[in-house]
Amino acid sequence: MDEVKQLVTDIKNKNLKPIYFLMGEEPYYIDKISGFIEDNVLAEEEKGFNQMVLYGRDITIDDIVSNAKRYPMMAEYQVVVVKEAQDLSRTIEKLADYAANPQPSTVLVVNYKYKSIDKRKSLYKTLKKTSVVYESKKLYENQVADWIRRVLSPKDYSITPKAAQMLVEFLGTDLSKINNELEKLQIILPKGSQITPELIEQNIGISKDFNNFELRKAVGERNAVRAYQIVKYFADNPKDNPMVVTVSLLFNFFSQLLHFHGLQDKSPRNVASALRINPYFVNEYILAARNYPMRKVSEVVAVLREFDVKSKGVGSNATPQGDLLKELLVKILA
Numbered sequence: 017m018d019e020v021k022q023l024v025t026d027i028k029n030k031n032l033k034p035i036y037f038l039m040g041e042e043p044y045y046i047d048k049i050s051g052f053i054e055d056n057v058l059a060e061e062e063k064g065f066n067q068m069v070l071y072g073r074d075i076t077i078d079d080i081v082s083n084a085k086r087y088p089m090m091a092e093y094q095v096v097v098v099k100e101a102q103d104l105s106r107t108i109e110k111l112a113d114y115a116a117n118p119q120p121s122t123v124l125v126v127n128y129k130y131k132s133i134d135k136r137k138s139l140y141k142t143l144k145k146t147s148v149v150y151e152s153k154k155l156y157e158n159q160v161a162d163w164i165r166r167v168l169s170p171k172d173y174s175i176t177p178k179a180a181q182m183l184v185e186f187l188g189t190d191l192s193k194i195n196n197e198l199e200k201l202q203i204i205l206p207k208g209s210q211i212t213p214e215l216i217e218q219n220i221g222i223s224k225d226f227n228n229f230e231l232r233k234a235v236g237e238r239n240a241v242r243a244y245q246i247v248k249y250f251a252d253n254p255k256d257n258p259m260v261v262t263v264s265l266l267f268n269f270f271s272q273l274l275h276f277h278g279l280q281d282k283s284p285r286n287v288a289s290a291l292r293i294n295p296y297f298v299n300e301y302i303l304a305a306r307n308y309p310m311r312k313v314s315e316v317v318a319v320l321r322e323f324d325v326k327s328k329g330v331g332s333n334a335t336p337q338g339d340l341l342k343e344l345l346v347k348i349l350a
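FYI, the numbering for the sequence shown is 17 to 350, going by our numbering.
Below, the structure is given as structure tokens:
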């Protein structure tokens with residue numbers, strides 16, 4: 017986020033580069049930077065003649081270069097935005113010649129999503145000398161809750177750790193989807209509000225009591241009654257609670273418990289750092305480790321590997337996912 021803030025500041029100050037090559041697995045920041053350039057480099061009256069959007073599937077590198085070499089009309093700059101540039105991946109290296117000598121009055125924005133160009137080749141090396149190359153990397157799941165807090169803070173909103181975790185577990189690491197849901201909440205909530213599990217349940221539709229987060233907690237506590245209640249809810253609502261997601265979350269949880277057992281320093285601060293979890297959840301791991309000795313954790317990890325395959329339809333003989341989950345719980349809690 018700090019790199020993005022610096023880019024935005026430079027653009028606001030008209031410290032512009034001739035090419036912004038935006039690439040990487042996470043499209044959220046690519047869209048944000050590109051959109052900011054489209055909205056802010058030219059005045060509204062200048063955009064009609066001097067701003068164009070091209071799409072990778074419809075053009076060639078030669079088309080990009082010919083448009084980039086045009087001169088602006090009655091403006092200091094023209095802006096050329098290439099969206100879905102990853103469709104030009106086979107020929108993208110041809111842009112290196114233009115990158116070596118770009119038109120100073122053109123701001124060329126290349127949106128190269130879901131992948132990155134080869135950093136050993138000419139285009140990348142040339143762009144690094146003359147322009148901006150921004151690589152938008154996918155966040156790990158344990159980083160997303162902190163990202164949510166950082167996004168909300170400047171807008172004068174906060175969120176509880178459990179609420180943030182609910183969003184991550186329901187929406188995964190797709191920052192665009194998470195941001196869309198956060199923006200919906202900001203429309204209905206006054207500034208200064210704290211986003212709670214209750215608000216998420218009421219406005220987004222994620223159950224605050226029956227979700228993977230609560231299942232993990234119940235399993236860690238060896239609370240069989242609560243765990244079976246949640247699994248029954250999952251069985252009754254399979255589309256909203258796919259088994260493959262549940263198994264993946266439990267596998268990650270028990271893998272972290274295995275790591276926990278191997279730690280020499282089990283202080284809360286070190287546990288949070290070593291397991292890459294929010295300090296708020298450390299006590300859950302400490303309790304779970306007491307309930308599951310290392311040998312049992314190893315057995316559970318093996319069971320989860322087995323059920324991961326079954327959840328994908330291999331060797332389960334078309335067994336309903338609800339029944340598979342109940343069988344899985346029996347083996348974990350045994």
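Glycine is no exception: its CB is placed at the ideal position from the N, C-alpha and C atoms.
With a cutoff of 9 Å on beta-carbon distance, K200 and I220 are scored as near each other. When L155, E62, A91 and Y36 are compared, the shortest CA-CA separation from A101 is found for Y36. Around N127, the same chain offers L38, I46, S50, K99 and A101 as residues with beta carbons nearer than 6 Å, after the five sequence neighbours per side are excluded. Straight-line spacing of the CA atoms in D78 and V95 works out to 17 Å.
For K193, the enclosing alpha helix (DSSP H) has its first and last residue at L191 to I204. For the 9 Å CB-CB criterion, F267 and F250 do not form a contact. L139 and E109 have their C-alpha atoms some 6 Å from each other. Under the three-state reduction of DSSP output, G236 falls in the helix class. Under the criterion of beta carbons closer than 8 Å, L183 and I216 qualify as touching, at roughly 7 Å. In the three-state reduction of the DSSP assignment, Q280 falls in the coil class. Scanning its chain for C-beta atoms nearer than 8 Å, with the 5 sequence neighbours on each side dropped, one finds around T146 the residues K33, P34, I35, A115, A116 and P118, in chain order. In the structure shown, Q210 adopts extended strand secondary structure according to DSSP, grouped into three states.
Boundaries of the beta strand (DSSP E) harbouring Y150: V148 to E151, taken from the DSSP string.
A straight line joining the alpha-carbon of A240 with that of E185 spans about 21 Å.
I175 and Q210 do touch by the CB rule: their CB atoms are close to 7 Å apart, below 8 Å. Between the beta-carbon of T262 and that of L231 there is about 7 Å, and that keeps the pair under the 8 Å contact cut. In the three-state reduction of the DSSP assignment, K48 falls in the helix class. The beta carbon of E19 is closer than 8 Å to those of Y150 in its chain, skipping five residues each way along the sequence. As a beta-bridge residue in DSSP terms, V125 pairs with Y36 and V97.
In terms of Cα proximity to V298, the closest of V317, D74, R106 and F276 is F276. The Cβ atoms of K135 and K141 lie closer than 9 Å to each other. Taking a C-beta distance under 9 Å as the contact criterion, A243 and L320 do not qualify as a contact pair.
Taking P88 as the centre and dropping the five residues before and after it, the same chain places the C-beta of N66, Q94 and S121 closer than 6 Å to its C-beta, in chain order. In the DSSP assignment, no residue is bridged to Y244. For K85, the CB contacts under 7 Å within the same chain, skipping 5 residues up- and downstream, are Q119 in chain order.
Counting along the chain, V20 sits inside the alpha helix (DSSP H) bounded by residues D18 to K28.
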